[in-house]
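Here the sequence shown stands for residues 284 to 943, where the numbers follow the working numbering. By construction, the Cβ of each residue, glycine as well, lies at the ideal position given by its N, Cα and C atoms.
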Amino acid sequence: MEPFIQSSEIQYCDSLTKYSRRKTIPVRVGDVLIGGDNPIVVQSMTTVDTMDTQGSVEQCIRMIDSGCQLIRITAPSIKEAENLRNIRNELRKRGYQTPLVADIHFTPNAAEIAARIVEKVRINPGNYADKKKFEVIEYTDASYQEELERIRERFLPLVKICKEHGTAMRIGTNHGSLSDRIMSRYGDTPLGMVESALEFLRICEEENYHDIVISMKSSNTQVMVQAYRLLVQKLNEGGFKPYPLHLGVTEAGEAEDGRIKSAVGIGTLLEDGLGDTVRVSLTEDPEFEAPVAKALIDRYTNRKNHSQIQAINEYPINPFEHTKRESKEIYNFGGQNVPRVITDISRVENISEKEMKAVGHFYLPELDKWKMNDLGCDFVYSGDNPIPFMLPNGMREIQNFEVWKNTQDQTNKYPLFSLQEFQSSDAFHAELNFLEVLDTEIESASDLVENRKDVVLILKTSNAHGMPAIRRAFVHLIQKNNSIPVVVKVSYPDQTADQTMLYAATDVGGLLVDGLGDGILISLEKEGEHTREEVLEQIKLHNNVSFGVLQAARTRMSKTEYISCPSCGRTLFDLQETTAMIRKRTDHLKGVKIGIMGCIVNGPGEMADADYGYVGSGKGKITLYKGKEVIKRSVPSENAVDELIEIIRADGMWTEPETI
Numbered sequence: 284m285e286p287f288i289q290s291s292e293i294q295y296c297d298s299l300t301k302y303s304r305r306k307t308i309p310v311r312v313g314d315v316l317i318g319g320d321n322p323i324v325v326q327s328m329t330t331v332d333t334m335d336t337q338g339s340v341e342q343c344i345r346m347i348d349s350g351c352q353l354i355r356i357t358a359p360s361i362k363e364a365e366n367l368r369n370i371r372n373e374l375r376k377r378g379y380q381t382p383l384v385a386d387i388h389f390t391p392n393a394a395e396i397a398a399r400i401v402e403k404v405r406i407n408p409g410n411y412a413d414k415k416k417f418e419v420i421e422y423t424d425a426s427y428q429e430e431l432e433r434i435r436e437r438f439l440p441l442v443k444i445c446k447e448h449g450t451a452m453r454i455g456t457n458h459g460s461l462s463d464r465i466m467s468r469y470g471d472t473p474l475g476m477v478e479s480a481l482e483f484l485r486i487c488e489e490e491n492y493h494d495i496v497i498s499m500k501s502s503n504t505q506v507m508v509q510a511y512r513l514l515v516q517k518l519n520e521g522g523f524k525p526y527p528l529h530l531g532v533t534e535a536g537e538a539e540d541g542r543i544k545s546a547v548g549i550g551t552l553l554e555d556g557l558g559d560t561v562r563v564s565l566t567e568d569p570e571f572e573a574p575v576a577k578a579l580i581d582r583y584t585n586r587k588n589h590s591q592i593q594a595i596n597e598y599p600i601n602p603f604e605h606t607k608r609e610s611k612e613i614y615n616f617g618g619q620n621v622p623r624v625i626t627d628i629s630r631v632e633n634i635s636e637k638e639m640k641a642v643g644h645f646y647l648p649e650l651d652k653w654k655m656n657d658l659g660c661d662f663v664y665s666g667d668n669p670i671p672f673m674l675p676n677g678m679r680e681i682q683n684f685e686v687w688k689n690t691q692d693q694t695n696k697y698p699l700f701s702l703q704e705f706q707s708s709d710a711f712h713a714e715l716n717f718l719e720v721l722d723t724e725i726e727s728a729s730d731l732v733e734n735r736k737d738v739v740l741i742l743k744t745s746n747a748h749g750m751p752a753i754r755r756a757f758v759h760l761i762q763k764n765n766s767i768p769v770v771v772k773v774s775y776p777d778q779t780a781d782q783t784m785l786y787a788a789t790d791v792g793g794l795l796v797d798g799l800g801d802g803i804l805i806s807l808e809k810e811g812e813h814t815r816e817e818v819l820e821q822i823k824l825h826n827n828v829s830f831g832v833l834q835a836a837r838t839r840m841s842k843t844e845y846i847s848c849p850s851c852g853r854t855l856f857d858l859q860e861t862t863a864m865i866r867k868r869t870d871h872l873k874g875v876k877i878g879i880m881g882c883i884v885n886g887p888g889e890m891a892d893a894d895y896g897y898v899g900s901g902k903g904k905i906t907l908y909k910g911k912e913v914i915k916r917s918v919p920s921e922n923a924v925d926e927l928i929e930i931i932r933a934d935g936m937w938t939e940p941e942t943i
């Protein structure tokens with residue numbers, strides 16, 4: 284792999300090892316300042332029809348009460364844009380000064396009205412006065428320039444209105460809605476996303492208008508992270524002002540999956556000091572979004588006080604492209620293997636067969652057989668509490684070295700060593716040994732295992748700046764050409780389930796999106812005393828989160844993925860209810876991606892990554908897609924899920940669900 288040199292010319296963050304917020308120009312949105320030295324701002328978006336003034340106001344108040352500092356409202360046409368005045372006036376009358384943002388897609392006229400009413404407008408350069416027909420079109424330099432001139436002419440009035448009224452703007456590129464023109468020249472790439480925004484930004488700068496925030500959103504976390512990094516580099520290279528960044532993962536989904544996917548994308552960027560305002564997009568009521576965004580942001584309040592990490596002078600990873608770190612195959616780790624899940628059960632004494640369901644393995648006593656679901660872990664770590672029964676095929680046990688060396692079955696159990704134990708031991712497993720080390724011990728460990736073909740590293744850190752500390756240890760291994768497989772271990776003191784999802788997704792997911800890591804272990808070592816039932820619940824959570832992080836980082840697809848939008852005033856059906864209904868029928872389809880979109884704005888473009896799509900196209904009508912291709916139009920909603928399943932079946936991707 285060619286080294287990527289970290290220098291001032293191509294730097295996408297202040298430091299890869301020392302926490303530092305990227306310094307931007309401040310942008311005023313009403314009474315809220317985004318960027319500069321100001322705290323990261325939390326925002327969300329209403330789901331009520333914009334023409335329902337009272338419903339919108341009541342929902343805005345619930346959002347504000349939950350911690351939302353900016354509220355976005357869709358304005359798909361002129362009438363909704365005009366009604367923003369009524370919503371704003373009613374909120375002000377009731378004592379709420381929270382700034383409003385108009386969300387604009389296909390209607391420049393609506394944007395020009397909204398810019399005179401609310402504090403900020405969001406435009407999507409992929410479909411604002413641009414062509415989006417999902418066609419491959421060849422553009423000459425001349426025809427490309429003609430399109431740019433046409434866009435400039437259509438966009439300039441909005442820029443002048445915003446400048447006159449002190450209205451801020453977000454230029455929000457979405458991966459799935461790049462214009463045909465951009466697609467023809469750059470393809471469906473992070474570079475295409477960045478250039479799409481820069482075209483509009485150049486027009487703004489020509490007019491000396493700088494009240495701008497930029498976003499690069501995608502439902503693919505790897506693409507999203509790469510696009511934001513590339514944007515910062517291109518802003519620096521092009522001599523643009525350092526504009527603030529709005530962070531978000533589009534169509535993240537619901538519940539655990541939505542939180543994990545959001546954190547993999549957003550958290551990875553926050554770790555490197557990127558991001559000035561955050562929106563977490565969940566297929567839930569919008570008042571549930573702000574607390575999740577705040578939980579992500581709050582981790583960085585005192586982060587700059589972390590222990591020092593050795594600087595990276597030469598970065599051997601291309602941050603704009605996913606390339607898995609080369610690692611040798613040891614047993615079933617590394618090489619071409621998917622990342623492995625090790626689940627910590629060490630706090631449960633004499634665990635029973637029945638209790639192994641917490642790690643996705645189910646014992647059927649009447650048949651004396653085991654079954655495993657899609658979230659059945661690969662290894663369990665039992666520590667000092669060995670498992671008192673024979674494990675099923677497909678799962679292995681890791682024991683602390685002191686226990687393992689006295690066990691009768693040293694073949695089917697595997698030892699975990701500390702660095703000191705490993706250095707002094709003369710007893711090892713013939714095929715697979717685990718060596719647990721801190722990031723600060725990586726040099727000693729690297730020298731110790733360099734030529735061994737029977738060792739996997741378990742790598743952890745005690746540094747508050749966790750992900751960069753572990754990343755630094757990986758850099759050491761790469762620079763030393765040490766290809767030992769590495770499992771990343773994280774552990775947290777007692778905290779909420781949401782925090783565990785968000786923190787693990789950030790700390791491990793941030794490494795995985797850069798191709799670093801051959802496994803994940805969420806440890807119980809920092810947990811306090813709990814009842815047996817509580818510990819088993821924690822184990823189940825850790826096991827599920829581990830698989831969720833691997834899936835969200837696009838490194839191991841173990842379950843069906845739902846790319847569902849968070850709903851808004853444009854939505855043509857109940858997204859939460861519909862998502863639950865589709866999930867109930869299809870969640871056994873391992874690795875299949877299904878897009879569920881409320882309307883055409885969040886339709887084939889926004890679900891660019893999906894294998895199949897279910898998109899609202901009218902009241903009670905659904906359009907069904909395979910990829911970006913329309914398969915059936917105007918399907919009655921009561922038949923649409925059955926019709927979707929038939930499309931999947933005809934494509935050879937359907938399997939019947941098993942009962943456990």
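| Item | Value |
| --- | --- |
| Enclosing beta strand (DSSP E) for H813 [first to last residue] | Careful: H813 lies outside any beta strand (DSSP E) and carries neither H nor E. |
| DSSP state of R623 mapped onto helix, strand, coil | strand |
| Per-residue DSSP class, three states only, for G896 | strand |
| C-alpha distance - D297 paired with Q352, whole-angstrom precision | 27 Å |
| Given I595 as reference, the closest of D471, R755, Q693, H644 once Cα atoms are compared | R755 |
| Cβ shell of G968 (< 7 Å), same chain only, five flanking positions each side left out | No answer is possible for residue 968: the residues shown for the chain start at 284 and end at 943. |
| Per-residue burial, Q834 [other beta carbons within 10 Å of its own, 16 or more giving buried] | buried |
| Nearest residue (CA-CA) to P669, options A747, I634, N746, E816 | I634 |
| Reduced DSSP category for S327 - H, G, I as helix; E, B as strand; rest coil | strand |
| Nearest candidate by alpha-carbon position, reference L553, set R586, V924, K772 | R586 |
| Alpha-carbon to alpha-carbon, S462 and Y422 | 12 Å |
| Distance CB(Q516)-CB(Y295) smaller than 9 Å | yes |
| Per DSSP, the bridge partner or partners of R405 | D386, R453 |
| Alpha carbon of K873 to alpha carbon of K736, nearest angstrom | 32 Å |
| Under the three-state DSSP convention, the category Y411 falls into | coil |
| Between the CA atoms of T584 and V442 - distance to the nearest angstrom | 35 Å |
| Local Cβ density within 10 Å of S590, reported as buried at 16 or more and exposed below that | exposed |
| Proximity test, V769 beta-carbon vs the ligand GTP heavy atom, cut-off 8 Å | Among the components of this structure there are no ligands whatsoever, and the ligand GTP is therefore not found. |
| V769 and L799 closer than 9 Å at C-beta | yes |
| Continuous beta strand (DSSP E) stretch holding I803: start and end | 802-806 |
| Contact the segment 358-375 vs the segment 396-404: 3+ CB pairs below 8 Å | yes |
| C-alpha distance - K652 paired with R355, whole-angstrom precision | 53 Å |
| Chain-order list of residues whose beta-carbon lies under 6 Å from that of F244 (same chain, five-residue window excluded) | Only positions 284 to 943 of the chain appear in the structure, and residue 244 is not among them; the question remains open. |
| N716, enclosing beta strand (DSSP E) - first and last residue | 716-721 |
| Within the segment 417-501, ranges of the alpha helix (DSSP H) (whole runs, at least 4 residues) | 424-448, 463-469, 473-489 |
| Reduced DSSP secondary structure (H/G/I, E/B, other) of L316 | strand |
| Three-state secondary structure (DSSP) of S774 | strand |
| Coarse secondary structure for T862, derived from DSSP in three states | helix |
| S701 - partner residues in DSSP beta bridges | E719 |
| Sequence-distant residues of its chain with Cβ nearer than 7 Å to K607 (five each side left out) | G798 |
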